Structure formats: C-alpha cells, structure tokens
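For the sequence shown, numbering that gives the first Met the number 0 begins at 0 and goes up steadily by one.
Ideal Cβ placement from N, Cα and C applies to all residues, glycine included.
Keep in mind the model is a prediction, meaning the values are calculated, not measured.
Step one of this worksheet: look at the structure below.
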Amino acid sequence: MACAPKLKRTRFAPSPTGPLHLGHALAAFVAASRADPGAFLLRIEDIDQSRCRPAWEAQIYEDLHWLGLSWPEPVWRQSERRGAYETALNRLISSGLCYPCRCTRGDIRAALAAPQEGAPLVGPDGLVYPGTCRHRRIADAAPGDAIRLDMARAVATLSGDEGFQESGPAFRGLHRLDQDWLVTHCGDIILSRREMGTSYHLAVVVDDAAQGITEVTRGEDLFEATAIHRLLQALLDLPTPAYHHHRLIRDENGKRLAKRDDARSLHTYRAEGYSPADIRDIIEFTD
Ligand code: GLU
C-alpha cells in the first residue's frame, strides 16, 4: 500500500512586541503559499513576557485576517509551552553539555573588552560568550542563573553528516554544519534565560518538531541561526525540516524594517485605505 504523501506544513511565528509591518506580511504570505491547504500555522512567540502585550497579539490576528489568511485553531503560544522546553533542556543537561551562567551583559562586554581578546565577535546569538562560567557545574546553579550550551562539547557529539536543505533564493542548496564555525561564531549559546526558562533557539526547535513543521520559512536575517537549530535537532533527536529563507523588505536606506517603523505598519496602511492587494503589490509578492 502506498503511503499518503506528507502534508507540507509551515508556520508564521511573530512575536507580539509591536505592530506587524510589510516584512511580516511578506513572511506570512511566503509561509502560507508554501503550505498545503489547512497546513499553514500561526504561532505566537511570546517567551519574552516583558516585551509582549495582549493588544499586539490581538492586532496580529486582525492584520492577518485582513490580509486574507486563515489558520487552524488553537494557536500555540510559547508562553504556554514551558513544560516542553523544560523537558528538552533537562535532556541537554543530562547529556552533560550545559553549565549555569551568572554573567550579565555588562560582565560579558567587560570580559570581551580585555586587550588580549581582540575585537568582540558578534554571531547569530549575539556577542560570542567568553566562557567565564564554563567551569561551573549544573549542581551549583543558583535560581537566577542562565543555562548555556558548551558548544565545543556539543559539536564533539555530532556525526559530521548533519546538514539541512535550503530552498530560499540567497542560500539555495544543502548546507552541512560547520563545527568550527559553530564554536567560533556562535559559542556557548544560551538555552535558558533567567526569567523565560528557555531561549528563542530552544523554543523554536522544540515547537517546530512538536507541530510537525515540514518547512521553516523566515527572513534571510535568520539564516545563520539555522545552524544552531540544526545542532539542537541533532542533540535532541528531532527531525530536521526543510528551510526557506526569504528576502527582506528594506526601507529607502536599505535597512531592514523593524517594529518601530510604525509608518509601514499594516495597521497604518489599512487606516489610509490601502487594500490587501495593494500590500501584495508594494512588497512585490506574487504567489
Ligand atoms: N519570532 C521570530 C520573529 O518574529 C521568528 C522566528 C522564526 O521564524 O524562527 O522574527
């Protein structure tokens, strides 16, 4: 008996920290256009509760409906998934790949400013951590500590065959994980931040697997983060989806649109009488 082909399932995963803008419209259209009918999901990425607001979440639903998009209910909110992230984190901790970290951003900047360190390196997880707390043991973790992944130990567990398939215009092809790059450009990434119990990287990997996402679509600015996600999939024995990183919408100075660009928010366009078809034209999205 022939197996039914796997549904192509994608997701749009905004954070409710401000108004959706033209870049989000493109991200949502790309995700929806690459899914089978009924298999385009919306996921609310609200782990950073200090920046998320219910009003922004309500606006997300309104803007997306206005654009003509629909998705199955219930919509997952990452703030309601803490148990799943904790399970994944505990698994990484049990593998002996983690350590507690009490450094503040200021501590990290100060350590990296030491003359012998050279220019601080910024990778897809921000400043590459100098390793100040790497000697500490999980058993000695204090309640407010973050949990970091010891990247050198983590990549040493890989088989060397890990990679992911990318279909976006800028990076099309098969990408193998570069272990040295992970150590030097990502370093000991944070898996769990004090007040969140997780991190963007861990939450996204756990949820994409739990929701059966077959293709992750998102902006090109997140391409480098995908290596971190592929690594976490290997460490957690999770399936690897395909990836599609799309172009970014930029302002007249070539800068990527940000949430603070309220002038280009979908809400503003709508209030000025633009239609969803006009939005498609402006971002040059053709299905
Ligand atoms: N929540 C992320 C954002 O708003 C998207 C993350 C992803 O697609 O992996 O940029």
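Next on the checklist: Report the CB separation of L157 from L176 in whole angstroms; it is logged as a contact under 8 Å.
Outcome noted: Position 158 of the sequence shown, counted from the start, is the residue given in the question as residue 157. Position 177 of the sequence shown, counted from the start, is the residue given in the question as residue 176. Taking the Cβ atoms as the reference, L157 lies roughly 7 Å from L176, within the contact range of under 8 Å.
Checklist entry - So which of M195, T267 and T285 has the shortest CA-CA distance to S49? => result Start at 1 with the first residue of the sequence shown, and residue 49 comes out as number 50. It is M195.
Item to check | With 16 other Cβ atoms within 10 Å as the buried cut-off, status of D206 | outcome: What you label residue 206 is simply residue 207 of the sequence shown in a count that begins at 1. With 16 or more Cβ atoms within 10 Å of its Cβ, D206 is classed as buried.
Checklist entry - Could you name the residues, in chain order, whose CB is less than 6 Å away from a heavy atom belonging to the ligand GLU? => result Residues with their Cβ less than 6 Å from any non-hydrogen atom of the ligand GLU, running along the chain, are A12, P13, S14, E44, V203, R217 and L221.
Checklist entry - Whose C-beta lies closer than 8 Å to the C-beta of A83 among residues of the same chain, with five residues either side of it excluded? => result As a position in the sequence shown, residue 83 is number 84, starting the count at 1. Answer for A83: V205, D206 and A209, listed in chain order.
Item to check | Candidates I227, L265 and K5: closest to W65 by CA position | outcome: Stepping through the sequence shown from its first residue, residue 65 is reached at position 66. It is L265 whose Cα lies nearest to the Cα of W65.
Checklist entry - What is the rounded straight-line gap between the Cα of C51 and the Cα of G167? => result Residue numbering aside, residue 51 sits at position 52 when the sequence shown is read from its first letter. Residue numbering aside, residue 167 sits at position 168 when the sequence shown is read from its first letter. Taking the CA atoms as reference points, C51 sits about 29 Å from G167.
Next on the checklist: Let me check understanding here. Comparing Cα to Cα, which of A138, I146 and A276 lies closest to T131?
Outcome noted: Counting from one through the sequence shown, the residue named residue 131 turns up at place 132. Minimum Cα distance to T131 is reached at I146.
Checklist entry - For the candidate residues A233, E61 and R8, whose alpha-carbon lies nearest to that of G20? => result In the sequence shown, residue 20 corresponds to position 21, counting from 1. Here residue 20 turns out to be His, not Gly, going by the sequence shown. It is E61.
Checklist entry - With DSSP run on the structure shown, which of helix, strand or coil describes G105? => result Start at 1 with the first residue of the sequence shown, and residue 105 comes out as number 106. Shown here, G105 sits in a helix according to DSSP, grouped into three states.
Checklist entry - DSSP puts T216 in a beta bridge; with which residues? => result Taking the first residue of the sequence shown as position 1, residue 216 is located at position 217. Partner(s): H243.
Checklist entry - Smallest Cα separation from I43: which of L63, S32, Q77 and A54? => result Taking the first residue of the sequence shown as position 1, residue 43 is located at position 44. Closest by alpha carbon: Q77.
Checklist entry - Taking Cβ positions, are I282 and L25 nearer each other than 9 Å? => result To locate residue 282, count along the sequence shown from 1; it is residue 283. To locate residue 25, count along the sequence shown from 1; it is residue 26. Against a cut-off of 9 Å, the Cβ pair of L25 and I282 comes out as a contact.
Item to check | Delimiting residues of the beta strand (DSSP E) encompassing G162 | outcome: Residue 162 sits at position 163 when you count from the first residue of the sequence shown. Unbroken beta strand (DSSP E) run through G162: G162 to E165.
Next on the checklist: Count Cβ pairs between the segment 224-234 and the segment 3-18 that sit closer than 8 Å; are there 3 or more?
Outcome noted: These segments do not touch.
Next on the checklist: Count Cβ pairs between the segment 8-15 and the segment 32-43 that sit closer than 8 Å; are there 3 or more?
Outcome noted: Verdict: yes, contact present.
Checklist entry - How is V205 classed by DSSP in three states: helix, strand or coil? => result Reading the sequence shown from its first residue, position 206 is the one you call residue 205. It is helical.
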